[in-house]
Structures are given as C-alpha cells and as structure tokens.
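Working notes for the structure below.
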Amino acid sequence: EPEVTQTPSHQVTQMGQEVILRCVPISNHLYFYWYRQILGQKVEFLVSFYNNEISEKSEIFDDQFSVERPDGSNFTLKIRSTKLEDSAMYFCATRLAIGELFFGEGSRLTVL
Amino acid sequence: SQQGEEDPQALSIQEGENATMNCSYKTSINNLQWYRQNSGRGLVHLILIRSNEREKHSGRLRVTLDTSKKSSSLLITASRAADTASYFCATDPTGANSKLTFGKGITLSVRP
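As given, the protein sequences belong to chains A and B, one line each in that order.
Everything in the first sequence is counted per my numbering, starting at 22 for the first residue and increasing by one.
Everything in the second sequence is counted per my numbering, starting at 874 for the first residue and increasing by one.
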C-alpha cells in the first residue's frame, strides 16, 4: 500500500539552528500539507502546497518557515532559526483530490 | 474560525461496549472526516461523510452528520482493546485544495 514517508523520525537541535524535515508524498498525489502537533495537543495546520506553490498558510507559518519541492519528489519544510516552542511532531500529509489525507508517521523535533 | 471540537475529551469503556464520540464545528463544510491516531504515530483516515449525507457505515464504525446543528458523531460498536487511540474529527470546507481543520481529539481507552 502506498505511503507517505517522512525523515528524520526524530531530530534534536539547538535553538537558532536550521532544520529541514523531508517528506516523500504518494506518487500520484497533487496536494501536500504540513501539520504539527505539540505533545498531547491538537493537530495544527501549517501550510498547504499545490502546483509548486503555497495555497494557504496559517499564522504559525511565519517568515522562519518555508516549503519547497525541489526535485519533484521530496516535499520539504525548513525552519530557518528554531525556537524552543517549535518543539513538536511535524506531520506531512498528501492527497490526490477531494477526500482523505494520507499522513506520514511524523518527524519529532526537539529544540534545546 | 472553523474548528472541529470533540467531546468528551477522554472516554474509558470496557471491551465489548460501544463508544460514542461527538464533534461540533462552526462554519459550512464540504465534508467531515474522522481520523485515528495511535500514540506517537501518524493519523489514519477512518471515514468521510459528505455534507449531503446524514449517516455512513464502515465495518464497526457509524458516523452521523447533522449540518443544521453543525455536529457529527462517531460510534464504534463492540469495542476492542485495539481501538484504544485518539480520535479526531476534521472539517473540510470546500474539498480538494482546502485545508482540513482538526479538533483537539478524544482519547479512547478500551479496557480488556
């Protein structure tokens, strides 16, 4: 069964460092999303991406965040200068069209 | 802002009992979806109900939607210990490129 793959599964970084989280979407999917979940809390929308551009972004997705799909396969989330409050589980999700989202297993980011 | 809000926040039942979880939202939707999340894992889609549907079944799952009350319920019949997880409702305002907005989730514990 096709799946969304995320790397790394866990990353520990120092405050102020740059982090890149990677996602390999399901091959024929067209819509890509990043969500995050702070431990035990709600799943928060960060950004949606379609046709090689951002469709929508939340207030959380400030200038420190960026997304790109550089090689037509990987979909990356970059945090330029991490803060303590960026510590969370980051989920990539993709879908073909209207309907269900397929989620990866997540990348746990710990900022020290 | 549009938001799915589930209740109760936590539910503990005995194996074999039915579990009912509720979700309320604020604005119009194209569809509403329920997801399951095992601890530390990604979200897995369970069922989708469109705004013109009132009830839908999938195996031991039954979902209802009342658009006049802006609410949905998820019923899991004959629960099993393996159903222990967090359950989230997510609202999709227009379908396709729109973001899904998730609620805070319900933690279901099924005692063997």
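Where a beta carbon is used, it is the ideal one built from N, C-alpha and C, also for glycine.
Which of helix, strand or coil does DSSP assign to residue 939(B)?
Position 66 of the second sequence, counted from the start, is the residue given in the question as residue 939(B). Strand, per DSSP.
Please determine, among 127(A), 79(A), 37(A), the residue with the shortest C-alpha to C-alpha distance to residue 43(A).
Within the first sequence, the letter at position 22 stands for residue 43(A). Nearest C-alpha to residue 43(A): 127(A).
What is the rounded straight-line gap between the Cα of residue 844(B) and the Cα of residue 898(B)?
The question about residue 844(B) has no answer, for chain B in this structure spans 874 to 985.
If you measure from the beta carbon of residue 909(B) to each beta carbon in chain A, is any gap under 8 Å?
Looking up residue 909(B) in the second sequence gives position 36. Chain A contact via Cβ: absent.
Buried versus exposed, by CB contacts within 10 Å (16 or more), residue 985(B)
Translated into the one-based positions of the second sequence, residue 985(B) becomes position 112. With fewer than 16 other CB atoms across the displayed protein chains lying within 10 angstroms of its CB, residue 985(B) is exposed.
Do the segment 84-99 of chain A and the segment 116-125 of chain A meet, that is, are 3 or more Cβ pairs less than 8 Å apart?
When C-beta atoms of the segment 84-99 of chain A are compared with those of the segment 116-125 of chain A, fewer than three pairs fall below 8 Å, so the two segments do not count as touching.
Quick one: does residue 66(A) have its CB under 8 Å from some CB of chain B?
Within the first sequence, the letter at position 45 stands for residue 66(A). Yes, residue 66(A) lies at the interface with chain B (some Cβ there is under 8 Å from its Cβ).
Could you tell me whether any Cβ in chain B is nearer than 8 Å to the Cβ of residue 128(A)?
Taking the first sequence and counting its residues from 1, one reaches residue 128(A) at position 107. Taking Cβ atoms only, chain B never reaches closer than 8 Å to residue 128(A), which makes this a no.
Using only alpha-carbon positions, find the residue among 930(B), 924(B), 907(B), 928(B) that is nearest to residue 958(B).
Position 85 of the second sequence holds residue 958(B). It is 907(B) whose Cα lies nearest to the Cα of residue 958(B).
Tell me the rounded alpha-carbon separation between residue 875(B) and residue 32(A).
Residue mapping note: residue 875(B) aligns to position 2 of the second sequence, counting from 1. Residue mapping note: residue 32(A) aligns to position 11 of the first sequence, counting from 1. In this prediction, residue 875(B) has a pLDDT of 37, which is less than 50 and means its spatial position is unreliable; nothing more can be read from the coordinates.
Would residue 124(A) pass as an interface residue toward chain B - the criterion being a Cβ-Cβ separation below 8 Å?
On the first sequence, residue 124(A) is found 103 positions in, with the first residue counted as 1. Nearest CB-CB separation between residue 124(A) and chain B: below the 8 Å threshold.
Could you check what DSSP says for residue 890(B) in three-state terms: helix, strand or coil?
Within the second sequence, the letter at position 17 stands for residue 890(B). Looking at residue 890(B) - three-state DSSP - the assignment turns out to be coil, as it is neither helix nor strand.
Would you report the Cα separation of residue 35(A) and residue 103(A), rounded to the nearest angstrom?
Start at 1 with the first residue of the first sequence, and residue 35(A) comes out as number 14. Start at 1 with the first residue of the first sequence, and residue 103(A) comes out as number 82. Their Cα atoms are separated by approximately 8 Å.
Counting only C-beta atoms, is residue 119(A) closer than 8 Å to chain B at any point?
By 1-based counting over the first sequence, the position of residue 119(A) is 98. Taking Cβ atoms only, chain B reaches closer than 8 Å to residue 119(A), which makes this a yes.
By DSSP's criteria, residue 83(A) is part of a beta bridge. Which residues make up the other side?
Here residue 83(A) corresponds to residue number 62 of the first sequence, with the count starting at 1. Residue 83(A) pairs with nothing; no bridge assigned.
Give me the chain B residues within the contact set of residue 112(A), using Cβ-Cβ distance strictly less than 8 Å, ordered along the chain.
Taking the first sequence and counting its residues from 1, one reaches residue 112(A) at position 91. Counting only Cβ-Cβ distances below 8 Å, residue 112(A) has contacts in chain B at 915, 916, in chain order.
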